[in-house]
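Protein chains in written order, with the UniProt record's numbering: chain A, 1 to 226; chain B, 1 to 308.
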């Protein structure tokens, strides 16, 4: 067994396996991010529009939706993953591997992202919404041409945060055989005490998060007009 | 309350008086609890949401804080109402070019609002409001966030638009200067009620309600105070000139054949929109009969004269 104190020779690291796991992680993150953005945007917009003093003010709809979002957000991811296994099986035919982790990832990240969307939309100047109404804009026009457009920097920041969160969730899905870097770290680094594998996988995860955050920051800056 | 087609109508009041609410009732951004709103021949209060959206395109609106889309360029901001009206790309770009020229922002077309000065932002707001050739332009404290010089240039632009396009302008403000510079008629609002209404010149020279007097005092010279006037021994007159009379040597001509002397205690000579006017408080010193004959001559010339 190698240890940090004795210097590490990375003898246990099988690089092809590492690259495959990296690929799996990237794929899980990207695929679940796409679905999360899609569903989260819709739910976030509905949350915003139905909240108090907004265009579609609907206290009951808002209350129910908000409650569901809160419940999903309060269940720890590792438990959520196990809870929705039957649903996962129904959608993808398996609860294992890369495909098996995408549904729980989406279910966990969507409410989180939806709240971030709701908060970003609240930042949009009420006066601008009013001006659009005065110009004869329909509610759909306002969502599409005012709200989503004006909140673009905020939404990009929300996507970045969600992507980073998804990376850490993919690592956790290793516990139920989800595949990817987290899976590798658990199986070799933790269960077989191969510290070198652990260091490499964690290192790669750190790099991945850094890249995501940096790209996100650049995009936010690029689209800010204030 | 009725605003005539083609006029510039001002509503003035202190903050919280209800002027903003009144203005926003015109395009139903604020729904009145009772009563009706009619613009042109269309009663807006009886329309469905869809119909209201269409009618709102006939009513342009500009705002104190401009309310531009911060993520869109000047060009896209002005194009916004045209896109909503589903014009073709070609028509939109042609109309935007016309509007940019009208408000003199051609060189700034591709800038974002954050890169513009307040006056430029309001010009974008005006161009955007005029895009669909509306019949009415609503101005919600359009100059209150601007410095005096910029205010004047925006007011000049509004006056120009009113003259060129014949568009009816309804504006609210708390600055009497705005009313004096461009309005034809004015309504004074206090605690949700209209307390005085009429031709600007008339309201300005003979304010009746205390609130109106406050506003008039904003722009009038507060020269002679009551105490000073009480100490005078001669006949005190308030003389009001309207129109070209303002620049004639009427007072001099009136006293010349008599032995009456005069002292000007307080005076304003100015313009209201295009009309020159003047108001002087004058002390006439001389025998009663001579003073009376001077007053008669002044009235003959068309001046309003009252003793105080």
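Think of the CB as a built atom: it goes at the ideal place given N, C-alpha and C, for glycine as much as any other residue.
What residue from the options has the CA that sits closest to residue i's CA?
i	options	result
residue 12 of chain A	A:109, A:204, A:208 and A:195	A:195
residue 289 of chain B	B:301, B:270, B:259 and B:273	B:259
residue 159 of chain A	A:147, A:185, A:113 and A:191	A:113
residue 27 of chain A	A:54, A:214 and A:101	A:101
residue 199 of chain B	B:93, B:182 and B:14	B:182
residue 279 of chain B	B:146, B:241 and B:96	B:241
residue 170 of chain B	B:141, B:210, B:115 and B:75	B:141
residue 73 of chain B	B:50, B:113 and B:65	B:113
residue 69 of chain B	A:150, A:190, A:191 and A:198	A:150
residue 178 of chain B	B:191, B:115 and B:157	B:157
residue 163 of chain A	A:18, A:14 and A:30	A:30
Cα separation between residue i and residue j?
i	j	result
residue 303 of chain B	residue 251 of chain B	10 Å
residue 166 of chain A	residue 67 of chain B	37 Å
residue 130 of chain A	residue 122 of chain A	14 Å
residue 125 of chain A	residue 121 of chain B	16 Å
residue 188 of chain A	residue 107 of chain A	28 Å
residue 144 of chain A	residue 202 of chain B	49 Å
residue 250 of chain A	residue 111 of chain A	This structure gives no information on residue 250 of chain A, because the portion of chain A shown stretches from 1 to 226.
residue 294 of chain B	residue 188 of chain B	36 Å
residue 82 of chain A	residue 16 of chain A	30 Å
residue 92 of chain A	residue 103 of chain A	8 Å
residue 27 of chain B	residue 134 of chain A	7 Å
residue 91 of chain B	residue 97 of chain B	10 Å
residue 227 of chain B	residue 286 of chain B	22 Å
residue 95 of chain B	residue 192 of chain B	39 Å
residue 207 of chain A	residue 146 of chain A	36 Å
residue 209 of chain A	residue 79 of chain A	24 Å
residue 162 of chain B	residue 214 of chain A	52 Å
residue 277 of chain B	residue 305 of chain B	14 Å
residue 236 of chain B	residue 229 of chain B	8 Å
residue 85 of chain A	residue 178 of chain A	12 Å
residue 119 of chain A	residue 15 of chain B	31 Å
residue 301 of chain B	residue 21 of chain B	44 Å
I need the boundaries of the beta strand (DSSP E) containing residue i, first residue and last residue.
i	result
residue 62 of chain A	Taken as a continuous stretch (DSSP letters only), residue 62 of chain A belongs to no beta strand (DSSP E), being part of the alpha helix (DSSP H) at 59-74.
residue 279 of chain B	275-285
residue 335 of chain B	One cannot answer for residue 335 of chain B here, as it falls past the ends of chain B, which runs 1 to 308.
residue 247 of chain B	From DSSP, residue 247 of chain B is part of no beta strand (DSSP E); its letter is neither H nor E.
Residues in its own chain within less than 6 Å of residue i by CB, not counting five upstream and five downstream?
i	result
residue 50 of chain A	56, 58, 61 and 62
residue 186 of chain A	174
residue 153 of chain A	220, 223 and 224
What are the boundary residues of the alpha helix (DSSP H) that includes residue i?
i	result
residue 118 of chain B	118-130
residue 35 of chain A	15-50
residue 222 of chain A	195-223
residue 59 of chain B	No alpha helix (DSSP H) holds residue 59 of chain B; the beta strand (DSSP E) holding it covers 59-63.
residue 268 of chain B	Counting along the chain, residue 268 of chain B falls outside any alpha helix (DSSP H), though it belongs to the beta strand (DSSP E) covering 261-272.
residue 153 of chain B	148-165
Sorted by chain position, which residues of the same chain lie with C-beta nearer than 7 Å to residue i's C-beta, five sequence neighbours on each side aside?
i	result
residue 176 of chain B	12, 215, 216, 218 and 219
residue 5 of chain A	Since pLDDT at residue 5 of chain A reaches only 49, below the 50 mark, its modelled position is unreliable, and the value read off the structure follows with that caveat. Answer for residue 5 of chain A: no residue qualifies.
residue 22 of chain A	181 and 204
residue 119 of chain B	146, 150, 153 and 154
residue 7 of chain B	168, 184 and 185
residue 64 of chain B	140, 141, 142, 144 and 145
For residue i, which residues in the same chain have their Cβ closer than 8 Å to its Cβ, ignoring the five residues on either side in sequence?
i	result
residue 132 of chain B	57, 58, 60, 81, 82 and 85
residue 208 of chain B	196
residue 130 of chain B	60, 99, 102, 137, 161, 165 and 167
Unbroken stretches of the alpha helix (DSSP H), 4 residues or longer, contained in the segment 195-220 of chain B: 200-205 and 210-219
Every unbroken alpha helix (DSSP H) within the segment 83-120 of chain A, with a cutoff of 4 residues, ordered by chain: Within the segment 83-120 of chain A, the complete alpha helix (DSSP H) runs of at least 4 residues are 85-92.
Those runs of the alpha helix (DSSP H) which lie wholly inside the segment 134-178 of chain A and span at least 4 residues: 152-172
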